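Read top to bottom, the protein sequences are chains X and S.
Okay, so the first sequence: first residue is 660 according to the numbering used here, each after it adds one.
Okay, so the second sequence: first residue is 26 according to the numbering used here, each after it adds one.
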Amino acid sequence: EAEVAQSPRYKITEKSQAVAFWCDPISGHATLYWYRQILGQGPELLVQFQDESVVDDSQLPKDRFSAERLKGVDSTLKIQPAELGDSAMYLCASSLETSGGSSFFGPGTRLTVL
Amino acid sequence: LAKTTQPISMDSYEGQEVNITCSHNNIATNDYITWYQQFPSQGPRFIIQGYKTKVTNEVASLFIPADRKSSTLSLPRVSLSDTAVYYCLVGDIRDNAGNMLTFGGGTRLMVKP
Chain X
660 EAEVAQSPRY
670 KITEKSQAVA
680 FWCDPISGHA
690 TLYWYRQILG
700 QGPELLVQFQ
710 DESVVDDSQL
720 PKDRFSAERL
730 KGVDSTLKIQ
740 PAELGDSAMY
750 LCASSLETSG
760 GSSFFGPGTR
770 LTVL
Chain S
26 LAKTTQPISM
36 DSYEGQEVNI
46 TCSHNNIATN
56 DYITWYQQFP
66 SQGPRFIIQG
76 YKTKVTNEVA
86 SLFIPADRKS
96 STLSLPRVSL
106 SDTAVYYCLV
116 GDIRDNAGNM
126 LTFGGGTRLM
136 VKP
């Protein structure tokens, strides 16, 4: 069964450092999402791509976060500089353009900022 | 996007049927209802989606009344492995509107032996 791949699975960094997360969606999925999930809360959408274009990044803290999906396939989410409050699980999900809302999530990257 | 309200937590026992209700009073005409399941340290997993009446798959059933202001996820004969957080999402899933769905706090289901 096809899966969404994410790396790394775990990342520990010090505040003010830069971190980057990678996501490879299911082949053929045009829509890609990045979510942030703080422990005990539901996932919060950060950015949504349709192919290589950003559909919605209204919740992305653009002063420190950036996301790209240059060729419309895999994607990178970057934080620079990281802050203590960025400690969370970062989830990537993808869906077919015509699938109607049933997204497939990756295993996530657990970020700890010290 | 319609806001959803779910119970924070529920307890059940193995073999019982569990019904989790979600309220979405402001649901729009084009909104669908989608449920996800999430285990600790894993990404959410799609369970079921519906627009009206009843939808059933191999995992669960989804009941949606005529006014669509609420929905109920039904899990038949739960087992310990069904212990998880269940999220109800409501949103417009048409292609030109994107598939952006907003997660709420979810319902933490604890299944006991």
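Don't be surprised by glycine CBs; every beta carbon is placed ideally from N, CA and C.
Quick caveat, the model's predicted, so the values are computed rather than measured.
Once the 5 residues before and after residue i are set aside, which same chain residues still bring their CB inside 6 Å of it?
i         : result
ALA677(X) : GLN739
ARG769(X) : TYR669, MET748
PHE680(X) : LEU736, TYR749, THR768
VAL110(S) : GLN63, GLY131, ARG133
THR30(S)  : SER48
GLY75(S)  : ILE58, LEU87, ILE89
ASP117(S) : ASN55, ASP56
ASP715(X) : GLN707
THR97(S)  : ASN44, THR46, PHE88
CA-CA distance, residue i and residue j?
i         : j         : result
GLN718(X) : GLU660(X) : 31 Å
ILE697(X) : LYS79(S)  : 33 Å
GLY744(X) : VAL772(X) : 8 Å
PRO101(S) : ALA85(S)  : 7 Å
GLY129(S) : LEU729(X) : 30 Å
ARG65(S)  : SER37(S)  : It should be pointed out that residue 65(S) corresponds to Pro in this sequence rather than to Arg. The alpha-carbon atoms of PRO65(S) and SER37(S) are separated by roughly 18 Å.
SER758(X) : ASN44(S)  : Low confidence applies to SER758(X): its pLDDT is 49, below 50, so where it sits in the model is not reliable, and the reading given next is rough at best. Going by the C-alpha atoms only, they are around 26 Å apart.
LEU704(X) : PRO720(X) : 11 Å
ASP733(X) : ARG723(X) : 21 Å
GLY699(X) : GLY687(X) : 32 Å
THR81(S)  : PHE71(S)  : 13 Å
ASN113(S) : ALA53(S)  : Per the sequence presented here, residue 113(S) reads as Cys, with Asn not at that position. For CYS113(S) and ALA53(S), the distance between alpha carbons rounds to 15 Å.
TRP693(X) : ASP92(S)  : 33 Å
PRO702(X) : ARG695(X) : 6 Å
ASP107(S) : GLN41(S)  : 11 Å
TYR61(S)  : PRO69(S)  : 6 Å
VAL139(S) : ALA726(X) : Examination of residue 139(S) is not possible in this model, given that chain S is present from 26 through 138 alone.
Spatial neighbours of residue i within its chain, please: C-beta separation below 7 Å, excluding the five flanking residues on both sides.
i         : result
SER104(S) : GLU39, VAL136
PRO667(X) : THR768
ILE671(X) : THR771, LEU773
SER746(X) : LEU770, THR771, VAL772
How close, in whole Å, do the beta carbons of residue i and residue j come, if the pair is a contact with beta carbons under 8 Å?
i        : j         : result
GLN67(S) : PRO766(X) : 6 Å
ASN51(S) : LYS77(S)  : The Cβ separation is near 16 Å, so there is no contact.
HIS49(S) : SER99(S)  : Actually they are not in contact, since the Cβ atoms of HIS49(S) and SER99(S) sit about 17 Å apart, beyond 8 Å.
Around the C-beta of residue i, are 16 or more other C-beta atoms found within 10 angstroms, so that it is buried, or is it exposed?
i         : result
GLY131(S) : buried
ILE73(S)  : buried
VAL713(X) : exposed
Looking at the C-beta of residue i, does it have a partner C-beta in chain S at a distance below 8 Å?
i         : result
GLY765(X) : yes
LEU729(X) : no
PRO740(X) : no
LEU750(X) : yes
GLY701(X) : yes
LEU743(X) : no
LEU691(X) : no
LEU705(X) : no
Is the shortest distance between the beta-carbon of residue i and the beta-carbons of chain X less than 8 Å?
i         : result
ARG93(S)  : no
TYR15(S)  : Because chain S is modelled from 26 through 138, residue 15(S) falls outside the range shown and cannot be assessed.
PHE71(S)  : yes
GLN74(S)  : yes
THR132(S) : no
THR46(S)  : no
GLN67(S)  : yes
GLY123(S) : Bear in mind that a pLDDT of 49 at GLY123(S), under 50, signals an unreliable position, so the number given afterwards is only what the model happens to contain. Closer than 8 Å to some Cβ of chain X, the Cβ of GLY123(S) qualifies, so yes.
THR59(S)  : yes
PHE128(S) : yes
TYR112(S) : yes
Is any beta-carbon of chain B found at less than 8 Å from that of residue i?
i         : result
SER761(X) : Absent from the structure is chain B; the protein chains it does hold are X and S.
If you drop the 5 nearest sequence neighbours on each side, which residues of the same chain put their C-beta closer than 8 Å to that of residue i?
i         : result
MET25(S)  : In the structure displayed, chain S extends from 26 to 138; residue 25(S) sits before or after that span and is not available.
LYS641(X) : The requested residue 641(X) does not occur in the structure, where chain X is confined to residues 660 to 773.
SER761(X) : SER754
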